[in-house]
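Have a look at the structure below before the remarks.
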Amino acid sequence: MQNTLKYDVVIVGAGNAALCSALAAKDQGAEVLIIEKSPQPHQGGNCPYTGGGFRFVHNGLNDLLTLMPSVDNKYNNLNMQPYTANEFKNHMIEVTRGDTDKDLMNTIVSESRPTINWMTNKGVIWELPSSRISSSINAPSIIPNSVGLSAYESGPGLIKMLTKSAKQNGITILYETEMTDLVQNKQKEISSIVCKDSNGTYQVNTRAVVLACGGFEANSDMRKKYLGEGWENAKVRGSKFNTGDGHRLAIKLGAQPTGQWSGCHATPIDINAPATGNQGITERMPRRSYPLGITVNINSERFIDEGEGFAEQTFVKMGSRILSQDKSIAFQIFDSKSFNLLEPRYNNSKPAISGNLNDLAKKLDIPESKFIKTITKFNKAASDGNYSPKKLDGISTNNLTIPKSNWGIKIDTPPFYGYCVTGGITYTYGGPKIDTKARVLDQNNDPITGLYAAGEIVGGILFHNSLRGAGLMHGSVFGKIAGTNAAIL
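Take the sequence shown: its position 283, counted from the start at 1, is 389 in this note's numbering, and no numbers get skipped.
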């Protein structure tokens, strides 16, 4: 073992939650070390693969503009209503079906705006989410209020700005450095962390460790163990370095596992998507226009209600169900009525195209007779007409074992199109339990002295589905809280 180092606080990870934690600890006068498993170009966990959006309490557009470095006339036609604490809480409760830890939820909501203010003071530059204003800029328009701001240059920009601030504040970052063990003294207090780099293994003496090293989505064995059969085949949309190291070592010390260990954020993606995240490609790979057609497996069978709701509400479920099918693949089927309505990301792949369904089945290499039977049965239960993708139209199929609750329109107008898709995992939901001070708790709900956690590693916050902008927000909130409390321990 190499020479021993000493720091007041050690942060594991170098993403959004980790960097916020490091900066908060430094605010308290602590000597802070960040260890990052990845090489520097891949720093940031899943953050670089996000749009950098934050969901927080605010008082409307004029309030948000005060957080932006410069404002011009292009926003004159826009109107954004306030986003209240009650709205935020209700959205959290709705998307998690009431399972979210209410104490953690209340902390996220109440600390959301103060944390945004603090990040602004740390050098984060904000802009209005481009996806929300691009179609509204030239005409009077009310834009959604839930995701108030995005970091300049999205997720990669956020990491760049926070890292710059960390370095300016004298925080040491060691890249390609892996945590291999956590050590306690006789009083069961964290006393050191064991690290490994290309030169070998060494120990860092410290009084506090903050685990901000992401989920276990890039660990195929853990995916299979906790998410179930088929999940070992999932492609990873984010960082290949998020392999559950923090989960494993926290539980080894007696941390209480909590949250939905069997759940994760997933989405349908193109079959040719890379096996792990690629910043230039990942966001072009989702395939979420499935409500405008039907989805079949390799046996030519439908297996899910494609029209249960808008894709924004159902894509996590769809991605998960695809991974439970044989070979973890499926085929999205459209006709010419819906083809021009597909989201632009479909332009990044080449579908199978045919003027008749028999030939389409051959091109997709799925059972032809079963495919025709599935389409025929669906069309008998479906309606004539055209799609209205911007509203839940209530056009449901009749008497199908697996219904299509909205957009139940016949697939009968050639040419026909087929896209091969699989499921991509973004992050996992289960993890060690923390309290509102970001302290990791043991089986008796007592804090493990000196051990903190923030970000995607934390269990008990998200269940069943995702809430846009809430992931980065809770990472920043509890990152700041963890760093502060670790430093004053």
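Backbone N, C-alpha and C define an ideal beta-carbon position, used for all residues, glycine too.
Residues that DSSP places opposite residue i in a beta bridge
{"i": "GLY524", "result": "ILE439, ALA458"}
{"i": "TYR308", "result": "CYS301"}
{"i": "LYS112", "result": "ASN311"}
{"i": "VAL253", "result": "ARG161"}
{"i": "LYS341", "result": "GLY530"}
{"i": "TYR189", "result": "HIS164"}
{"i": "MET211", "result": "DSSP output for MET211 lists no bridge partner at all."}
{"i": "HIS371", "result": "TYR533"}
{"i": "ALA361", "result": "ASP548"}
{"i": "ILE141", "result": "VAL118, LEU280"}
{"i": "PRO285", "result": "According to the sequence displayed, residue 285 carries Met and not Pro. Per DSSP, CYS301."}
{"i": "ARG408", "result": "VAL402"}
{"i": "ILE48", "result": "Past the edges of the chain, shown from 107 to 595, lies residue 48, and the structure says nothing about it."}
{"i": "GLU233", "result": "SER256"}
Spatially closest choice to residue i from the options, by CA coordinates
{"i": "ALA588", "options": "LEU568, ILE231, THR555", "result": "THR555"}
{"i": "PRO103", "options": "GLY166, ALA123, LEU573", "result": "Only positions 107 to 595 of the chain appear in this structure, which leaves residue 103 out of reach."}
{"i": "LYS273", "options": "LEU129, GLY334, ASP205", "result": "LEU129"}
{"i": "LYS180", "options": "LYS132, ILE199, GLU233, THR110", "result": "GLU233"}
{"i": "GLY413", "options": "SER395, LYS479, SER426, ASP169", "result": "SER395"}
{"i": "GLY577", "options": "PHE162, ARG393, VAL546, SER442", "result": "PHE162"}
{"i": "ALA467", "options": "ILE404, SER256, ARG574", "result": "ILE404"}
{"i": "GLY415", "options": "LYS496, TYR308, PRO220", "result": "LYS496"}
{"i": "ARG354", "options": "PRO363, PHE347, LYS346", "result": "PRO363"}
{"i": "ALA124", "options": "CYS526, ILE515, ILE277, PRO520", "result": "ILE277"}
{"i": "VAL177", "options": "THR213, ILE231, THR156, GLY151", "result": "ILE231"}
{"i": "ASN192", "options": "VAL201, MET174, LEU173, VAL215", "result": "VAL215"}
{"i": "HIS148", "options": "GLU562, MET174, MET328, ALA120", "result": "ALA120"}
{"i": "LEU470", "options": "ASP548, TYR523, LYS331, LEU111", "result": "TYR523"}
{"i": "ASN235", "options": "THR213, ARG574, ILE481, ARG451", "result": "For clarity, residue 235 is Pro in the given sequence; the question names Asn instead. Here the closest residue by C-alpha is ARG574."}
{"i": "ASP411", "options": "THR503, GLU474, PRO374, LEU359", "result": "THR503"}
{"i": "ASN378", "options": "SER455, THR221, LEU448, TRP367", "result": "SER455"}
{"i": "LEU506", "options": "THR519, TRP513, ALA487, GLY491", "result": "ALA487"}
Residue i versus residue j - alpha carbon distance
{"i": "PRO145", "j": "VAL422", "result": "30 angstroms"}
{"i": "ASP499", "j": "LYS539", "result": "41 angstroms"}
{"i": "THR218", "j": "SER489", "result": "Before going on, a small fix: residue 218 reads as Ser here, not Thr. Answer to the nearest angstrom: the Cα atoms are 46 angstroms apart."}
{"i": "LYS483", "j": "GLY369", "result": "33 angstroms"}
{"i": "ALA356", "j": "GLY159", "result": "29 angstroms"}
{"i": "PHE600", "j": "GLY350", "result": "The requested residue 600 does not occur in the structure, where the chain is confined to residues 107 to 595."}
{"i": "PHE409", "j": "VAL402", "result": "7 angstroms"}
{"i": "MET211", "j": "SER256", "result": "21 angstroms"}
{"i": "GLU335", "j": "GLY581", "result": "29 angstroms"}
{"i": "ALA381", "j": "VAL342", "result": "6 angstroms"}
{"i": "ALA436", "j": "CYS526", "result": "6 angstroms"}
{"i": "ILE501", "j": "ILE515", "result": "7 angstroms"}
{"i": "MET424", "j": "GLY344", "result": "18 angstroms"}
{"i": "LEU111", "j": "TYR281", "result": "16 angstroms"}
{"i": "ASN223", "j": "ILE481", "result": "54 angstroms"}
{"i": "PRO154", "j": "ASP209", "result": "29 angstroms"}
{"i": "ILE279", "j": "LEU333", "result": "33 angstroms"}
{"i": "ILE563", "j": "THR534", "result": "8 angstroms"}
{"i": "ASN122", "j": "LEU264", "result": "7 angstroms"}
{"i": "VAL201", "j": "SER572", "result": "7 angstroms"}
{"i": "GLY365", "j": "VAL118", "result": "21 angstroms"}
Sequence-distant residues of its chain with Cβ nearer than 7 angstroms to residue i (five each side left out)
{"i": "SER444", "result": "LEU398, GLY399, TYR493"}
{"i": "ALA245", "result": "Residue confidence for ALA245 is low, a pLDDT of 46 falling below 50, so the modelled location carries little weight; the figure read from the coordinates is stated next. Cβ neighbours of ALA245 beyond the five flanking positions: ASN183."}
{"i": "TYR113", "result": "GLU137, VAL138, LEU139, VAL310, THR312"}
{"i": "ASN325", "result": "THR349, GLY350"}
{"i": "ILE199", "result": "THR206"}
{"i": "ASN339", "result": "LEU429, SER434"}
{"i": "ARG203", "result": "PHE569, HIS570"}
{"i": "ASN109", "result": "TYR308"}
{"i": "ASN275", "result": "LEU129, LYS132"}
{"i": "MET174", "result": "TRP232, GLU233"}
{"i": "SER511", "result": "ASP411, GLY413, GLU414, SER502"}
Close-in-space but distant-in-sequence residues of the same chain around residue i (CB under 8 angstroms, 5 per side omitted)
{"i": "ILE296", "result": "LEU288, VAL289, GLN290, THR312, ARG313, ALA314, VAL315, ILE554, THR555, GLY556, LEU557"}
{"i": "GLY135", "result": "ALA593"}
{"i": "SER240", "result": "The pLDDT assigned to SER240 is 47, lower than 50, so where the model puts this residue is not dependable; a value taken from the coordinates is nonetheless given after this. The answer is none, since no qualifying residue turns up."}
{"i": "ALA559", "result": "VAL316, LEU317, ALA318, GLY352, ALA356, GLY537, PRO538, ILE540, ALA544, VAL546, PHE584, ALA588"}
{"i": "ASP432", "result": "ASN403, ILE404, ASN405"}
{"i": "ILE478", "result": "LEU463, ASN464, ALA467"}
{"i": "THR590", "result": "ALA130, ALA131, ASP133, GLN134"}
Sequence-distant residues of its chain with Cβ nearer than 6 angstroms to residue i (five each side left out)
{"i": "ALA361", "result": "PRO538, VAL546"}
{"i": "VAL116", "result": "LEU139, ILE299, VAL310, THR312, VAL315"}
{"i": "HIS164", "result": "LEU170, TYR189, GLY254"}
{"i": "THR283", "result": "ILE141, CYS301, ASP303"}
{"i": "MET267", "result": "GLY229, VAL230"}
{"i": "LYS143", "result": "GLU284, PHE347"}
8 angstroms Cβ cutoff, residue i in contact with chain B
{"i": "GLU562", "result": "The chain labelled as chain B is not found in the depicted structure, where only one protein chain is given."}
In chain order, which beta strand (DSSP E) runs of at least 3 residues are fully inside the segment 505-590?
522-534, 545-547, 553-559
Suppose only complete runs of 4+ residues qualify. What are the alpha helix (DSSP H) ranges in the segment 462-508, listed by chain order?
The segment 462-508 contains these whole alpha helix (DSSP H) runs: 463-470, 474-487.
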